[in-house]
Every structure is written in structure tokens, then in C-alpha cells.
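To start, the structure under review is shown below, and the notes come after it.
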Amino acid sequence: MADEDRKNRANASENWRPDTVLAHAGLSPKTFHGFVNPPVVRASTVLFENADAMLSRRGIRYPYGLMNTPTIEALTTALTALEGKDAAGTVLVPSGLAAVTLAILVGSRPGKTVLVPDNSYAPTRRFCDETLPDYGAKAVYYDPLIGGGIVQHLDGASVLVLEAPGSHTFEMPDMPPMIAAAKAAGVITMIDNTWATPLIYRPIEHGIDLAVYAGTKYQGGHSDLMIGSITAGASIWPALKRLHLNFGLQAGTEEIWLTLRGLRTMSVRLERHERSALQIAEWLRGRPEVTRILHPALPDDPGHAIWKRDFGRSTGLFGFVLKGSEDQAKAFLNALKIFGLGFSWGGFESLAVMSELKQSRTVRPWTEGPIIRLHVGLEDVADLVEDLERGFAAMAAA
Ligand SMILES: Cc1ncc(COP(=O)(O)O)c(C=O)c1O
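Sequential numbering from 1004 applies to the sequence shown in the working numbering.
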């Protein structure tokens, strides 16, 4: 009965729209005496009924706590369902960075290159520079606006990394020709899709092999956990599953459970993040201290047409270029009372950072002024605007 319940729900989810998937995917109340949510199953050992079952492990859903528990299964089922019917499965890891690096390793081969956008998340770049060479692979950084021109780098490549929009500078890559060229060349594609979430862009439906997320951000949504996930298309799923198993990776049970809780409200939170961020971006546009806003949903952003074609919606993270010195940017940040100064994003609370791009752009070095990156949280926009006004006043006095 429990299995039937699970199967029925999994099948039904193929036809559900994303908000319904968010509310129900991965739940299996009949398995847990009718309780809506799965329990936090803390487990290493699972006892087998007899020696034959133990030796063959055939048909055993939960052979060992590392591989699967009802809590792990609830989240992996939900995350796979969110990516649409072409998604074959999901693995969980202890952080978003671990998800990025594991996905890169799935496709890396000695003597081959990994193509990485120049505007990727800085620790992705650090991994590529410091760790990949030890395994015989080498990163080649490409201009994120290269589009179909990526063909010039595909010879000798085994992985194409995508990130949209780019970390801190928010450029939108023209992905369809890149994905098509990589596919034709037999190069594995992966995307860090943390900004958009599968509610805005479903990578596997667009032909990308691996959809990577820092669930630490919007899936968790409350700044109280670290988790990463990779969802794979059918052809790469067996290799991903095997590598995940062989590394002995898994996310913590508590974090998995909290991510399931966060997931149920992700859509309503994102709507609010999006609306508030756009209001603040519009307000910033009128400020004399701002050179330009880095937000692809704004009509005058250089990536707007691509954003409109591929995404059409946005979330709470964007940047703006300050007309001023780094010291003035620091004075701006130091005056903020609601925007916290801290890393990460995607939680309920607003955050601000000064982007550090000096070391992390080699193809297109950043030559404009300091960038302030905002994560717009769920607070009242009027209070956030007052906070930013405080920052500008301090900047003027600095
Ligand atoms: C775009 C992007 N990808 C991946 C990560 C890494 O996530 P985590 O902090 O869970 O390791 C971050 C974190 O800020 C990020 O901004």
C-alpha cells in the first residue's frame, strides 16, 4: 500500500504544474501513518530480514543510510519532479559548491579541458584552478557572451559549464547555440542554475545534462542550512549516481528535512523576492550615485532579450555599479542597518556584499566601479529603500 501510494504520487506529479509539485512532491503520507511530512530518519544501519536478502540486496530500497532513507528519497523525488519528465534522478551533497565540483568531475577526463564562463561563482573557479590539474584536466575560461562561438573551444573539451546569469555581473549567456554545439561535439553540459531555480528555467528540458543547485539559497530559503543537489538527464544519470556513491557523499538528514520544508513555500517566496528586487532596482535607477544596474529583467540591460526568451522571470539577487571609490562603497555598506553584510543569499533576510572581481575575471577584466550585490529579502520595500538611502548618505560623507 505504501509503495502504491508513492507510485501514484510520483506518476501524478508528471502532469502537475510546478506549484502543485512543490506542495506535494516527495510526500507519501500512507507510508507514515497519514502524517503529511516524512520523519527525520537518522540512519546508518538498516537490518535485513535474512542472509539471502543481505547478500543479494535485490529489491532492497534502503540498503544503507548513506545511499537512501525515506527522508533522502522524499527530497530527491521532489527535486527530480521539479525538473520535468526528462529528469532521471537527483543526488544530494553537503553544499552547493560540492554539487558544482561533483558535476564537473562527472565529465572531466585526463588530458581534456573543462570550459568555464569567466563570470562563474569564484569558488568554482578556485576548484578548477587548484584541484582539476591534479587529475589531469584543465580549465579554459571563456567569454560568457560567446554564444555559438563556443565551438572554437570544444575541440579537446569534455565538459561545458554554464551559469546564468553570471555571478556578481549578471550577464545572460546565449545558451541554446552553446548547448547544441556541445551536444554535437559529445561534450557534457552542466549549469549552475541556483539563481533561476527550476521554477524559472528547467535545464534538462533545454538539453543540458546536469542541473546544479546550491539548495542553501532558495530551496532552503531560511539561511539555516547548507545543501547542494544535482539532477541529471537520462544519459548521464548512471555515471552521476556511481560517482556520488563512490565518493561516499550525502547531505545531512536535518538539512534534507529543512530543505523539504523550505521547498513547499519556494514559489511564494520567489514571487515576493522578485517583486521587491525589481522595485528596488527601479528606485536605484534614479539615484545619481549609481552608474548602472546589473539585472537582466530591466529592459535596458544588455542581456534583457535573452533573459526574456529563456527565463521571463527573476529572483531577488542583482547588483549595481557605484559611481565612487571602494572606500565610499565600504562607507555605504557600513551604514546599512537592515541589509546584513554576509555571504550567501536566498534567505528571508536582505544581504549586501561588495563584489571582489579583481582576481576572478581574466577573459573580460572588470574595469567599471565597485559593484554592490544585493539579495532582496522579504522585508517591507519602503524600509529597505530607507536603509539604502542611509548608505548613500554615508557614502557622500566619506
Ligand atoms: C551561484 C552560486 N553557486 C553555488 C554556490 C555555492 O553554494 P554553497 O554556499 O551552498 O556552497 C553559491 C554560493 O554563494 C552561488 O552563489
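No residue lacks a Cβ here, since even glycine has one placed at the ideal position from N, Cα and C. Predicted model, so just to flag it, every value in this text is computed and none were measured.
Local Cβ density within 10 Å of L1387, reported as buried at 16 or more and exposed below that
buried
Which residues share a DSSP beta bridge with T1404?
Look at the range of the chain in this structure, 1004 to 1401, and you will see that residue 1404 is not part of it.
Just to confirm before moving on: does the CB-CB distance between L1165 and P1120 stay below 8 Å?
yes
Entirely within the region 1343-1367 and at least 3 residues each: give me those beta strand (DSSP E) ranges in chain order.
1354-1357
Assign T1294 to one of three DSSP states: helix, strand, or coil.
strand
Quick check on DSSP: helix, strand or coil for S1317?
coil
Backbone secondary structure at A1005 - three-state DSSP
Because the pLDDT at A1005 is just 49, under 50, the model does not fix this residue reliably, and the value given afterwards should be weighed accordingly. Looking at A1005 - three-state DSSP - the assignment turns out to be helix.
Cβ of M1229 versus every heavy atom of ligand 1: is any distance shorter than 7 Å?
yes
V1043 beta carbon near ligand 1 (any heavy atom closer than 7 Å)
Incorrect: V1043 has no Cβ contact closer than 7 Å to ligand 1.
Quick check on Y1204: does DSSP put it in helix, strand or coil?
coil
Mapping the DSSP letters down to three states, classify H1027 as helix, strand or coil.
DSSP, reduced to helix, strand and coil, places H1027 within a helical segment of the structure shown.
For P1041 versus P1066, is the C-beta spacing smaller than 8 Å?
no
Per DSSP, the bridge partner or partners of P1120
Y1145
What I want to know is whether the C-beta of L1095 ends up closer than 7 Å to one or more non-hydrogen atoms of ligand 1.
no
Would you decide whether D1313 is buried or exposed? Buried here means 16 or more other CB atoms lie within 10 Å of its CB.
buried
Can F1346 be considered in contact with ligand 1, in the sense that its beta carbon sits closer than 7 Å to one or more heavy atoms?
yes
CB-CB under 8 Å to Y1145, same chain, minus the five flanking residues each way: which ones, in chain order?
L1118, V1119, P1120, D1121, I1153, H1156 and V1366
G1099: beta carbon under 7 Å from a heavy atom of ligand 1?
yes
Please name the residue in D1390, A1396 and L1078 whose C-alpha comes closest to that of L1354.
For the residues D1390, A1396 and L1078, the minimum Cα distance to L1354 belongs to D1390.
Beta-bridge partners of T1424, as assigned by DSSP
This structure does not reach residue 1424, given that the chain is present from 1004 up to 1401, and the question cannot be answered.
Does the region 1357-1365 come into contact with the region 1221-1240, if we say contact requires no fewer than three beta-carbon pairs (one atom in each stretch) closer than 8 Å?
no
Please confirm whether any heavy atom of ligand 1 lies closer than 7 Å to the CB of A1217.
Under cutoff, so the answer is yes.
Are the region 1282-1290 and the region 1262-1274 touching by the rule of at least three beta carbon pairs closer than 8 Å?
no
Exposed or buried, which one is H1174 when buried takes at least 16 other CB atoms within 10 Å?
This sequence places Glu at residue 1174; His is not what is there. Burial call: buried.
Quick one: using the 10 Å Cβ neighbour count with 16 as the cut-off for buried, is V1487 buried or exposed?
Residue coverage of the chain in this structure runs from 1004 to 1401, which leaves residue 1487 outside it and unanswerable.
State yes or no: is the C-beta of T1192 within less than 8 Å of the C-beta of G1224?
In this structure, T1192 keeps its C-beta atom at 8 Å or more from the C-beta atom of G1224.
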